[in-house]
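With our numbering, letter number 354 in the sequence shown gets 350, and the count goes up by one each step, no holes. The beta carbon of each residue, even a glycine, is placed where N, CA and C say it ideally should be. As structure tokens, the structure follows; a few thoughts come after it.
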Amino acid sequence: MTKFTIRILVLSISLLYPIANAQIKKIGVPFITNYSPKTYKAASENWDVLQDSKGMMFFANHFGIMQFDGVRWSIVTQPENKSMVRSLAIAKNDKMYVGAQGEFGYTIQLPNGQYKYTSLVKLIRHSARNFGDVLHTVVRKNEVVFFSNEEIFIYKDNKIKTIRSQAKFDDFFEVNTEIYVSDNIRGLLKLENDVLVEIENSKQFIGLKIRKIFETKEGLILLTQKNGLFSYKNGQLKSFVTKVDHLLQQNQISTGILLSDGYFAIGTRQTGLIVIDSEGNLIQHINKQTGLQNEYVTNLKVDTEGNLWVTLKEGISLIQISSPLSKILDASNSETKIYCSQIYQNKLFIATDNGVFWLDWERYKNGQHENMHFQHIAGMSENVWNIGVFGNSLLAFEKNGIFEIKGNSAELLAKTDGAWQGVLIPNHPDLLLVGGYNGLYLLKNINNSWVYQHKIKGFEESSRVMVTDAAENIWIAHGYKGIFKIRFNKTFDTVSDIQFYNDKNGFPSSLFLNTFKINNQILFGTTKGVYKQNSHSNKMIPDLTFRKPLGLENHIRLLKADHQNNIWYISGENTGKMSQKAGGNFTVEELPFRKLRYLYIPGFENIQTTANGDVFFGTQDGLIHYNTTKNKKYQAKYKAVISEVKSIFPKDSLLFSSRYDVLSNQTESSKNKLSTVLSHSNNALHFSFASLCYDEADATKYEYWLEGFEPKWSDWNLQTEKEYTNLPENEYVFHVRAKNIYDVVSEEAVFKFEILPPWYRTTWAYILYLILFSILIYTIIKYQKNLAEREREQLILNQEKELLRNRAELNEQKLALEKENMSIMRENLEATINLKNAKVASNTVNLIHLNEILLSIKDLIGQIDKKNDFNTNYGLLTKINRIIDHELQGDQHWNEFEEIFNQLHDNFMQRLKNSFPELTPRDMRLCAYLRMNFNTKEIAPLLGISVRGVEDTRYRIRKKLQLSSEANITEYILNF
């Protein structure tokens, strides 16, 4: 068969056969994620794989149906007889049909997340139940076909029809809408109206051990276990010759799948996965040496993201065949850090931490991968920082100096303290400037050979990053000092001028500065975007050309122009490509390179481009290739899922989970229900969630929000679990959504639940509280009334007692008062009697004295006689007058009066004298008479003066007593 015919056959498949929507690169090896049995914690063997409508992956494992949600693996159900699951198929309603050992049936997911398995074997007669592994399960329009080597079971309308083989069936194939069966006696058969019919010349297929069939306009393409590929048309079977027949025939085909672009992905038993194009050329050979964890491929499936899932005899692998990125790996699968890459004379050279290696690039990119690996360049075994083509030579800059690579070895050109890189001096193509650990070195091209000249004087700084401008200036970036701009003298042996720029010259910081040459312009990478030098002020200013595509807040680690005038950049952790449009604006492409985050060697980021559009990224995980012609859909929709919900207090209790048999302690009826109304004792919940996006699943971020408890969404983070404790009674909705590495946000997953109040805050509790409160109030009122009544009675009793006591006290007081009054009256009476006695005695004395005076005056008057002369009578009258004046002064009588008066008036006279010592005896007498309430006329004769004299005396006393004119002196004296 000619290559042209083969191409027509294979290309026509894309029109008739459902092709997996995925492509695979020819250059490099796709990114592979391996899941070992230790990872998924189940049996090593996996036989089938499918994806449901949500995007969940399921695998036919020896232990049962295994589920993967992008984060967690779990066995979700097992066949009724607990046997190994061999095949899976899924209907549109996500009802999953299962083929196992001597068993088949279906499983559906219950509201609580559990998968319930129902066996269909009970629908077949007992004589037909003796069959082995159900190797294939196929869902057709309104029926399901289960295939075993002994029998074929057709399930339709809850009935099963059985087709038994004469000897044994070999294999089973779904080709578009048709079913083919290979039979060890009858050859290749076709299922028509539930009957197996031999196709034309069917006997020629006997013994071929067909493992996969594809249909084209030109006929059928068959993949056989040991004999390679065949085509079948018009009853004729012909060999389909490929360039990998030796691999296919020696390593036994086990399965296959058709990819887009007409590529065949063929799984083998002994050499992993082989991908060929429409002409039979090898596109990829992915085996254990290139990253697959096992050589035996049992099945293949392309998911909705374009990833190829490979089930293996031991483990599961995810091959990202839709990615435009791939790893350039050799057969030894060695891992090394890549500092630089370079294509020279059709060879790919890489500078690593173990020296320089090379690969035949022409053969490799044309798919000739067999027995091809990187070869070591002898002479260098330590860190090689850079390699570059200068003139016709390939030079390497290494820890020990400068080397020229010739063939498979390196020749030392100059031994230095260390060399970083080299640049040609502008306008001097024969002069090469080399930046070293401690200064600059000069090489000269003499007769097409580079010859070391000398170390340049006047500059001793590390010169790892260098660029030149048209004015022959050399710009050197020092990682933590700043930017140097230097010029040489005419002989290029001494630095003639040095200018230094750091944060004092406009840079946002002196740290992490880089310099690049883009379109003959010198640019600077800073921690705050791209800068350039202002030609007038020489200050460093932000380059507004890059403000929109790269921003002014990102650390610019690398800028590099390619042959198509694109600018490649590394900004922060993001890698991208800027393409300039006609108007001068840039379009930015970053999504294809999100996988490169955190892979670069800090400070040694490198991107190498070629005229053919190949792009190489040097990373600490090897050399990565990018193909600009391969497109991947990065905006594909996907879902976030809640994997498990459990109450964690007082003990773990699962509410929602797909894990098999985790709710076994519940009754069968309760298993089928999702209980989302929780008692208050179960108010601590743990949520596990994931996203059904499998591309770099470990880098997927999540945000969540418990509506009813939190005010807003959380920040994006890598956490796939969230725990809440002490939730108050309320109705809640837990929301979660994911964001993959391409910043695509998933559909939201929600879980609604309700926390009941504690028993003491329920409605019945409040009713009880109301009743108890009413009883309490009634009791209190009743008690208070009784207490008030008792207190009233006690009060009356106390009042009566108090009244009696008061009466008794009053009587006692009255009696005592009467006794006291009697005593006072007796004392007063005695005093009165005494006073009267004293008065009587005094009056008696006074009477006697008066009588004596009167007798004296009578005697003197008797002596007066007309007969006496005038002088004698006058003398007698004078003597009488003196006697009367003496008696009127009455000092002796006054003293007696004063003593009695003081006794009656509380020592009035003494108190008055003490208060007003300026009072005279006459004044004191007048005050005493006023105290006795005598009027003026009564007082005048007592004092022996006229009424006018009394008034004058009263006036003098008023002044001495300092009384105002309005004050009544009598009232004052009475109240004194």
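- Counting along the chain, the unbroken alpha helix (DSSP H) around W357 starts and ends at W357 to K361.
- Closest in C-alpha terms to V491, from the list T511, L509, N550 and I470, comes I470.
- Note on W381: 16 or more other CB atoms within 10 angstroms of its CB, so buried under the neighbour-count rule.
- In the structure shown, the three-state DSSP call for N877 is helix.
- Partner residues in the beta bridge of F260, as assigned by DSSP, are L254 and I272.
- When the Cα atoms are used, I206 and L219 turn out to be separated by approximately 6 Å.
- Residue pairing by DSSP leaves F897 without any beta bridge partner.
- Ranked by Cα distance from L970, the first of Y102, F930, Q47 and V45 is F930.
- Shortest Cα-Cα distance from L587 to any of H281, F399 and N570 involves N570.
- Comparing alpha-carbon positions, the option among G403, M462, F370 and S405 lying closest to A415 turns out to be M462.
- In terms of CA proximity to E585, K628 leads the group S675, Q616 and K628.
- Residue state for V584 is assigned as strand, using DSSP reduced to three classes.
- Of the other Cβ atoms in all chains shown, fewer than 16 fall within 10 Å of the Cβ of E358; this residue is therefore exposed.
- Excluding five sequence positions before and after V746, the CB atoms of its chain that fall closer than 7 Å to its own CB belong to V729, F730 and H731, given in chain order.
- The segment 70 to 80 makes contact with the segment 90 to 104; the number of CB pairs closer than 8 Å reaches 3 or more.
- M574 is bridged by DSSP to I563 and V584.
- For the options E706, Y700, L702 and K642, the alpha carbon positioned closest to that of N678 is the one of K642.
- Fewer than three pairs of CB atoms, one per stretch, sit closer than 8 Å, so the segment 46 to 64 makes no contact with the segment 352 to 371.
- Of the residues Y656, L554, R68 and I751, the one whose Cα lies closest to the Cα of T721 is I751.
- Under the three-state reduction of DSSP, D493 is assigned to strand.
- At the C-beta level, L688 and G109 stay beyond 8 Å of one another.
- The C-alpha of D413 lies about 21 Å from the C-alpha of L420.
- In the pairwise beta carbon analysis, the segment 436 to 450 is classified as not touching the segment 495 to 502: fewer than three pairs are separated by under 8 Å.
- Residues of the same chain with a CB within less than 6 Å of the CB of A39, apart from the 5 flanking positions on each side, are N57, H58 and F59 in chain order.
- Between V637 and D65, the CB-CB gap stays under 8 Å.
- Residues of the same chain with a CB within less than 8 Å of the CB of L119, apart from the 5 flanking positions on each side, are Y151, N154, K155 and I156 in chain order.
- Excluding the 5 residues flanking it on each side, G224 has same chain C-beta neighbours closer than 6 Å at D241, L244 and Q245, in chain order.
- For R160, the beta-bridge partners assigned by DSSP are E147.
- If you draw a straight line from the Cα of R593 to the Cα of V611, it is about 16 Å long.
- In the DSSP assignment, V306 falls within the unbroken beta strand (DSSP E) covering L304 to L308.
- In the assembly as shown, S770 is an exposed residue. Its beta-carbon has fewer than 16 other beta-carbons within 10 Å.
- In this structure, Q341 sits away from I383, with a CB-CB distance that is not shorter than 8 Å.
- Per DSSP, the continuous beta strand (DSSP E) segment holding C336 begins and ends at I334 to Y340.
- Of E400, T464 and T605, the smallest CA-CA separation from L429 is found for T464.
- Nearest Cα to I71 within the set S83, F54, A87 and D273: F54.
- With fewer than 16 other Cβ atoms inside 10 Å of its own Cβ, E808 counts as exposed.
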